[in-house]
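Enquirer: In the working numbering, the protein residues as written are 1458 to 1644.
Even for Gly, the Cβ is constructed at its ideal location relative to N, Cα and C.
Pasting a structure below so you can have a look.
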């Protein structure tokens, strides 16, 4: 009897493992990531801006909870630029052999685009001593990632809403810089 129970338990374990890891149910409603992207529609997108409804507590009387919409118009490229910076801070994918360019404790405080310059405001955790190669890869990674956006030609990095001369001690970032404009500090 014990042997029969062991065999049944082992069989159930094998079946559940195969079902969990090995089989993927496909039906006529399943879609690929590419199809999801093709069908993705943002709410009221027009001329590079997205109109969103953000909902807040509008309760005036505790017995009658009310959630009220507050309209926002968001620049699509700023939203994408902010996402790019968040992904840079998050670092490369786990399976990748790439190295992060910013400390993982770094926070993006704000992001905006004006006059073809992406303004990146980072937390103080981003400023650490770096080798020349590490800092150059950091700055090149940021500018290469953000200049993918058609409206961005240069990047200006600030820290805690204050201008900084360098992020790692080797390069001058006191002014906005483009892909080929990363200048070594004079020592």
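Which one of 1539, 1513, 1514, 1619 has the shortest CA to CA distance from residue 1605?
Expert: Considering only alpha carbons, the answer is 1539.
Enquirer: Which class does residue 1538 belong to by DSSP, given the choice of helix, strand or coil?
Expert: In this structure, residue 1538 counts as helix in the three-state DSSP scheme.
Enquirer: So what's residue 1515 in DSSP terms, helix, strand or just coil?
Expert: If DSSP states are grouped into helix, strand and coil, residue 1515 belongs with coil.
Enquirer: Where does the unbroken alpha helix (DSSP H) through residue 1591 begin, and where does it stop?
Expert: Taken as a continuous stretch (DSSP letters only), the alpha helix (DSSP H) holding residue 1591 covers 1589-1603.
Enquirer: Residue 1515: buried (16+ other C-beta within 10 angstroms of its C-beta) or exposed?
Expert: Residue 1515 should be labelled exposed.
Enquirer: Can you check whether the CB of residue 1533 is closer than 8 Å to the CB of residue 1510?
Expert: No; because the gap between Cβ atoms is not below 8 Å, this pair is not in contact.
Enquirer: Using a 10 Å radius around the Cβ and a threshold of 16 neighbouring Cβ atoms, would you call residue 1628 buried or exposed?
Expert: Buried.
Enquirer: One question on the structure: do residue 1568 and residue 1535 come within less than 8 Å of each other, judged by their Cβ atoms?
Expert: It is a contact, given that the beta carbons lie within the stated cut-off.
Enquirer: Got a sec? Which residues, its chain only, sit under 7 Å from residue 1639 by beta carbon, not counting five neighbours each side?
Expert: Only 1593, 1596, 1597, 1628 meet the Cβ criterion.
Enquirer: Going by C-alpha to C-alpha distance, which of 1587, 1618, 1611, 1615 sits closest to residue 1641?
Expert: Taking only the C-alpha atoms, the option nearest residue 1641 is 1587.
Enquirer: By the three-class DSSP mapping on this structure, what secondary structure does residue 1559 have?
Expert: Residue state, collapsed to three classes: coil.
Enquirer: Tell me the rounded alpha-carbon separation between residue 1585 and residue 1551.
Expert: So the two alpha carbons sit approximately 23 Å from each other.
Enquirer: On the CB-based measure, 16 or more other CB atoms within 10 Å of its CB, does residue 1617 come out buried or exposed?
Expert: Under this definition residue 1617 is an exposed residue.
Enquirer: Please state if the CB of residue 1613 and the CB of residue 1574 are separated by a distance shorter than 8 Å.
Expert: Yes. Within cutoff.
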